[in-house]
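Notes for the one structure printed next.
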Amino acid sequence: GNPNIQHWVCLLQAEWAAFQDRQHIAKRNYETAIIVAARSGFVKDAALASERYGEFLVNELGEQEDGIYRLEQAVRYYNEWGAKGKAEQIEKKYTSLWPKPDVIVTPCDNGPSYESQN
């Protein structure tokens, strides 16, 4: 098919699979749509696909953490594209789910430290 619309085909297939309650297929197609759009330079389309995927995860599957990650990704893409108002709309709509600024994120555990002992 036409490489300029492949991401749209994936997004539409994701929406259709979500409508049919085929979550695994929907997730795979949303992810593919985002990747293909972003790699092809279609930032606005990557933003929309990320937004729709995030909303699907939050509203349909209850996967808050992954959904918020995708919505934050959508905000980044919309800001990169210059759609500041759209980015703010998403932030405002999902503000109650956004991580609180006072939450401390710690790095992953690297296991025991093996320092030389002389």
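Its first residue numbered 3, the sequence shown is counted upward by one per residue in my numbering.
All C-beta atoms, glycine included, are put in the ideal place defined by N, C-alpha and C.
- Of all alpha-carbon atoms in 37, 11, 48, the one lying nearest the alpha-carbon of residue 83 is that of 48.
- The shortest C-alpha to C-alpha distance from residue 95 to any of 67, 57, 80 is the one to 57.
- In this structure, DSSP gives residue 85 a state outside helix and strand, which the three-state scheme calls coil.
- If the five residues before and after residue 66 are omitted, its C-beta is found closer than 7 angstroms to the C-beta atoms of 60, 99, all from its own chain and listed in chain order.
- Residue burial annotation: residue 86 is exposed, with fewer than 16 other C-beta atoms found within 10 angstroms of its C-beta.
- For residue 46, the closest of 77, 97, 5, 90 by C-alpha to C-alpha distance is 77.
- Here the C-alpha atom of residue 80 lies approximately 19 angstroms from the C-alpha atom of residue 7.
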